[in-house]
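25 is the number of the first residue of the sequence shown in our numbering; add one for each residue after it.
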Amino acid sequence: MARGSLGIEGKVREQGQKEAEVKKNVMSLLAVVLICFLAVIITGKALAAGTWSYYDLTVPPLGATMITNNLQKAYNGLCAVDSRSIGADYDLNVYLELLDNTVVSDKRVINDNTLVRINNWASAGQTVHMTFESGWSDHVHIEAIGYWSPDNP
25 MARGSLGIEG KVREQGQKEA EVKKNVMSLL AVVLICFLAV IITGKALAAG
75 TWSYYDLTVP PLGATMITNN LQKAYNGLCA VDSRSIGADY DLNVYLELLD
125 NTVVSDKRVI NDNTLVRINN WASAGQTVHM TFESGWSDHV HIEAIGYWSP
175 DNP
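This is the structure:
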């Protein structure tokens, strides 16, 4: 009888190990599905929000301008500038332009840690850039760091 009971114990132990392995595989699969689901949601929100583009530029003095990279508008409506730092506590004017430098927005003033949303007349599909302008009385080059979007994220 001892031999028969060992065989049953071995089978029970073996079945328990298989069940544990199946449970582990199911949990791993659920974790992968959850990660994929979250990635899709996060990516979808980021795409729906519009595109932020980093800028780090130096604006020449005396009313001169400097432009960002070009981006294509995805939506009609507002554009945005999220200024992180403007050198030496100066102010800069910002506005949106088309590739031919036609101004298509209101001008707004930014400084350190300023988020502005700007009315503009550019249409979805048009390529635009943000223009930064120093004041006529600014006699130094002014560094500007932050993010901008042709849309309203």
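Virtual Cβ for every residue (Gly too), placed ideally from N, Cα, C.
These numbers were taken from a predicted model, which means no experiment stands behind them.
| Check | Outcome |
| --- | --- |
| Coarse secondary structure for D113, derived from DSSP in three states | helix |
| Beta carbon of H165 nearer than 8 Å to that of T82 | yes |
| Residues sharing a beta bridge with R141, DSSP | A104 |
| Backbone secondary structure at G40 - three-state DSSP | helix |
| Identity of the residue in K48, T75, N49 and K35 nearest A148 by Cα | T75 |
| C-beta contact flag for T89 and T138 at 8 Å | no |
| Rounded C-alpha distance that separates E167 from P84 | 9 Å |
| Opening and closing residue of the beta strand (DSSP E) in which T92 lies | T92 -> no beta strand (DSSP E), and no H or E assigned at all. |
| Under 8 Å between C-beta atoms of L116 and V152 | no |
| Where L53 falls, given that 16 or more other Cβ within 10 Å makes a residue buried | exposed |
| Rounded C-alpha distance that separates I110 from I134 | 8 Å |
| 7 Å CB neighbourhood of Y114 in its chain, flanking five on each side removed | D162 and I166 |
| Beta-carbon gap between G101 and W160 smaller than 8 Å | no |
| Cβ-based burial, A146 [other Cβ within 10 Å; buried from 16] | buried |
| For D80, the residue or residues it bridges with in DSSP | I169 |
| Test item: CB-CB of L95 and S77 under 8 Å | yes |
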